[in-house]
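Chemist: In the working numbering, the protein residues as written are 1 to 384.
We put the beta carbon where it would ideally sit given N, CA and C, even for glycine.
Nothing here was measured: the structure is a model prediction, and the numbers come from that model.
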């Protein structure tokens, strides 16, 4: 059964076409816009928190995390979908923080989110939807402290209300601004997937992420455990025609980025400089993504997220070391799951399993609106 995903060759051809069609000036403009929309919510929440509490709150900078989700959601499906995603992020942020107290409750929450992403894959929205569990995993595993506290009180109502506001505003600002900036741009199409593809994908990500979340929460020293979840969510393929080559490609690129982090920390002794370097790497990664240079994106996005998510110099190095392990473990897990999925699809095809007309998707996307090629939206994703 042919998959609805484009093949690796098709994706490469699309990237080449997109690269030749987009002038360098436009690419630089988009990079500046993405960075601005990522940093703006953090600046807004820092000012709000400072006005309300009388001091700068480092946790307020976490508004950039849901901002990435809001940008992706607005680009992929428009304002209404992005606003809903912002509301979901706001409601689930305190839930994730409390759920992280127990490995069982944390794993259960991530399982529910993964099943939701699997459902969205039926309508081609999984690329933006998967960023919700990826970004919430940071709050679940290692939430930021408040008011300079040495430890996080996950049951403090004031803290939970602030984190809910941070995640909601962080996602809402780009949800409102992106459609305004892109009002002359046609809404991108979506590559829908069959029931069989969606079920296989859902089982894969739910199983791997649930087990990984439980393991990370059961081992508190893994402060960068959210990276492992990101690896699985971003690398996990969907579609019966997938090969393991793209997964191996991403794995090698992100391992190279992790080694770059380790080498970087050994020569840098200022946390402010680390943040600046992380911002530069972020600019390089986003530009590479817009230029179709995937290997550059995967190499530089890893050190960018490690630098921007750390609160101490030692933590940057620790995140880099953990990232190498996370990439290897997560990548191997996804490769094994992909091989099993491909084997199952061939077995099902050999038994004469036939596809049926998909009335559900046709009804959802509307007659004549289903895309026949890859979506043209450009989304920013966390390092993998």
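With DSSP as the reference, label residue 325 as helix, strand or coil.
Modeler: Mapped onto the chain shown, residue 325 falls at position 325. Residue state, collapsed to three classes: helix.
Chemist: Please report the straight-line C-alpha distance between residue 111 and residue 100, rounded to a whole angstrom.
Modeler: For the purposes of this step, residue 111 is identified with residue 111 of the chain shown, where counting begins at 1. For the purposes of this step, residue 100 is identified with residue 100 of the chain shown, where counting begins at 1. Cα to Cα, residue 111 sits roughly 13 Å from residue 100.
Chemist: Just to confirm, is the Cβ distance from residue 328 to residue 253 under 8 Å?
Modeler: In the chain shown, residue 328 corresponds to position 328, counting from 1. In the chain shown, residue 253 corresponds to position 253, counting from 1. No, the Cβ-Cβ distance between residue 328 and residue 253 is not below 8 Å.
Chemist: In the DSSP assignment, find the unbroken alpha helix (DSSP H) run with residue 116 in it and report its ends.
Modeler: Position 116 of the chain shown, counted from the start, is the residue given in the question as residue 116. Residues 103-120.
Chemist: With the cut-off set at 8 Å, would you say residue 109 and residue 140 are in Cβ contact?
Modeler: Here the question's residue 109 lines up with position 109 in the chain shown. Here the question's residue 140 lines up with position 140 in the chain shown. Against a cut-off of 8 Å, the Cβ pair of residue 140 and residue 109 comes out as a contact.
Chemist: Following the continuous alpha helix (DSSP H) through residue 206, name the residue where it begins and the one where it ends.
Modeler: Within the chain shown, residue 206 is the residue found at index 206, counting from 1. Per DSSP, residue 206 belongs to the alpha helix (DSSP H) from 195-217.
Chemist: In this structure, does DSSP put residue 284 in helix, strand or coil?
Modeler: By 1-based counting over the chain shown, the position of residue 284 is 284. DSSP places residue 284 in helix when its eight states are reduced to three.
Chemist: What's the C-alpha gap between residue 125 and residue 77?
Modeler: For this step, residue 125 is matched to residue 125 along the chain shown. For this step, residue 77 is matched to residue 77 along the chain shown. Cα to Cα, residue 125 sits roughly 8 Å from residue 77.
Chemist: I need the DSSP call for residue 262, collapsed to helix, strand or coil.
Modeler: Start at 1 with the first residue of the chain shown, and residue 262 comes out as number 262. Helix.
Chemist: Could you tell me the distance, in whole angstroms, from the CA atom of residue 42 to the CA atom of residue 36?
Modeler: Residue numbering aside, residue 42 sits at position 42 when the chain shown is read from its first letter. Residue numbering aside, residue 36 sits at position 36 when the chain shown is read from its first letter. Between residue 42 and residue 36, the C-alpha separation is close to 10 Å.
Chemist: Only counting the same chain, and skipping five residues up and downstream in sequence, which positions put a Cβ closer than 7 Å to that of residue 40?
Modeler: The residue you call residue 40 lines up with position 40 of the chain shown. Only 173 meet the Cβ criterion.
Chemist: When you compare only the Cα positions, how much space is there between residue 158 and residue 94?
Modeler: Along the chain shown, one-based indexing puts residue 158 at 158. Along the chain shown, one-based indexing puts residue 94 at 94. Their backbone Cα atoms lie some 11 Å apart in a straight line.
Chemist: By how many angstroms is the C-alpha of residue 175 removed from the C-alpha of residue 231?
Modeler: Walking along the chain shown from the start, residue 231 turns up at place 231. Walking along the chain shown from the start, residue 175 turns up at place 175. Looking at the two C-alpha atoms, the distance is approximately 25 Å.
Chemist: Check the C-beta distance from residue 334 over to residue 208 and give it rounded, since I have them as a contact under 8 Å.
Modeler: Reading the chain shown from its first residue, position 334 is the one you call residue 334. Reading the chain shown from its first residue, position 208 is the one you call residue 208. With 8 Å as the limit, residue 334 and residue 208 qualify as a contact, their Cβ atoms being about 7 Å apart.
Chemist: What does the alpha-carbon distance come out to for the pair residue 251 and residue 193?
Modeler: One-based indexing of the chain shown puts residue 251 at position 251. One-based indexing of the chain shown puts residue 193 at position 193. Taking the straight line from one Cα to the other gives about 25 Å.
Chemist: From residue 280 to residue 295, what distance separates their C-alpha atoms?
Modeler: The count along the chain shown starts at 1 and reaches residue 280 at position 280. The count along the chain shown starts at 1 and reaches residue 295 at position 295. One C-alpha to the other measures close to 17 Å.
Chemist: Have a look at residue 331 and residue 130 and give me their C-alpha separation to the nearest angstrom.
Modeler: Residue 331 sits at position 331 when you count from the first residue of the chain shown. Residue 130 sits at position 130 when you count from the first residue of the chain shown. So the two alpha carbons sit approximately 17 Å from each other.
Chemist: Can you name the start and end residues of the alpha helix (DSSP H) that residue 26 belongs to?
Modeler: Residue mapping note: residue 26 aligns to position 26 of the chain shown, counting from 1. Segment 24-53, the alpha helix (DSSP H) holding residue 26.
Chemist: Give the secondary structure of residue 332 by DSSP, where H, G and I count as helix, E and B as strand, and everything else as coil.
Modeler: Here residue 332 is taken as the residue at index 332 of the chain shown, counted from 1. Helix, per DSSP.
Chemist: Would you kindly report the start and end of the unbroken alpha helix (DSSP H) that includes residue 162?
Modeler: The residue you call residue 162 lines up with position 162 of the chain shown. Here the alpha helix (DSSP H) through residue 162 covers 157-181.
Chemist: Between which two residues does the alpha helix (DSSP H) containing residue 138 stretch?
Modeler: Taking the chain shown and counting its residues from 1, one reaches residue 138 at position 138. Taken as a continuous stretch (DSSP letters only), the alpha helix (DSSP H) holding residue 138 covers 131-141.
Chemist: Which two residues bound the contiguous alpha helix (DSSP H) that contains residue 220?
Modeler: Here the question's residue 220 lines up with position 220 in the chain shown. Counting along the chain, residue 220 falls outside any alpha helix (DSSP H), and DSSP gives it neither H nor E.
Chemist: Mapping the DSSP letters down to three states, classify residue 151 as helix, strand or coil.
Modeler: Counting from 1 along the chain shown, the entry for residue 151 is found at position 151. Residue 151 falls in the coil class under three-state DSSP.
Chemist: Which two residues bound the contiguous alpha helix (DSSP H) that contains residue 83?
Modeler: The residue labelled residue 83 in the question sits at position 83 within the chain shown. Residues 79-99.
Chemist: Are the Cβ atoms of residue 201 and residue 70 separated by less than 8 Å?
Modeler: The residue given as residue 201 occupies position 201 in the chain shown. The residue given as residue 70 occupies position 70 in the chain shown. In this structure, residue 70 does not lie closer than 8 Å to residue 201 by Cβ.
Chemist: Under the rule that 16 or more other beta-carbon atoms within 10 Å means buried, what is residue 57, buried or exposed?
Modeler: As a first step, residue 57 is located in the chain shown; it is residue number 57 there, counting from the start. Looking at its Cβ environment, which holds 16 or more other Cβ atoms inside 10 Å, residue 57 is buried.
Chemist: Out of 195, 307, 153 and 64, point me to the one whose CA is closest to residue 273's CA.
Modeler: Taking the chain shown and counting its residues from 1, the one referred to as residue 273 is at position 273. It is 307.
Chemist: According to DSSP, is residue 144 part of a helix, a strand, or is it coil?
Modeler: On the chain shown, residue 144 is found 144 positions in, with the first residue counted as 1. Looking at residue 144 - three-state DSSP - the assignment turns out to be coil, as it is neither helix nor strand.
Chemist: Compute the beta-carbon to beta-carbon distance between residue 210 and residue 107, rounded to the nearest angstrom, for a pair I have assumed lies under 8 Å.
Modeler: In the chain shown, the residue the question calls residue 210 occupies position 210. In the chain shown, the residue the question calls residue 107 occupies position 107. Yes, residue 210 and residue 107 are in contact; Cβ-Cβ is about 5 Å, under 8 Å.
Chemist: Under 8 Å, do residue 96 and residue 82 count as touching if we go by C-beta distance?
Modeler: Counting from one through the chain shown, the residue named residue 96 turns up at place 96. Counting from one through the chain shown, the residue named residue 82 turns up at place 82. Not in contact: residue 96 and residue 82 (Cβ atoms no closer than 8 Å).
Chemist: With a Cβ-Cβ cutoff of 8 Å, do residue 301 and residue 170 count as a contact?
Modeler: Numbered from 1 along the chain shown, position 301 holds the residue referred to as residue 301. Numbered from 1 along the chain shown, position 170 holds the residue referred to as residue 170. Contact flag unset, no.
Chemist: Excluding the five sequence neighbours on either side, which residues of its own chain have a C-beta within less than 6 Å of the C-beta of residue 137, listed in chain order?
Modeler: Along the chain shown, one-based indexing puts residue 137 at 137. Excluding residues within five positions, the ones whose Cβ falls inside 6 Å are 226 and 229.
Chemist: Alpha carbon to alpha carbon, how far is residue 178 from residue 292? Give it in angstroms, no decimals.
Modeler: Position 292 of the chain shown, counting from 1, holds the residue named residue 292. Position 178 of the chain shown, counting from 1, holds the residue named residue 178. So the alpha carbons of these two residues sit roughly 22 Å apart.
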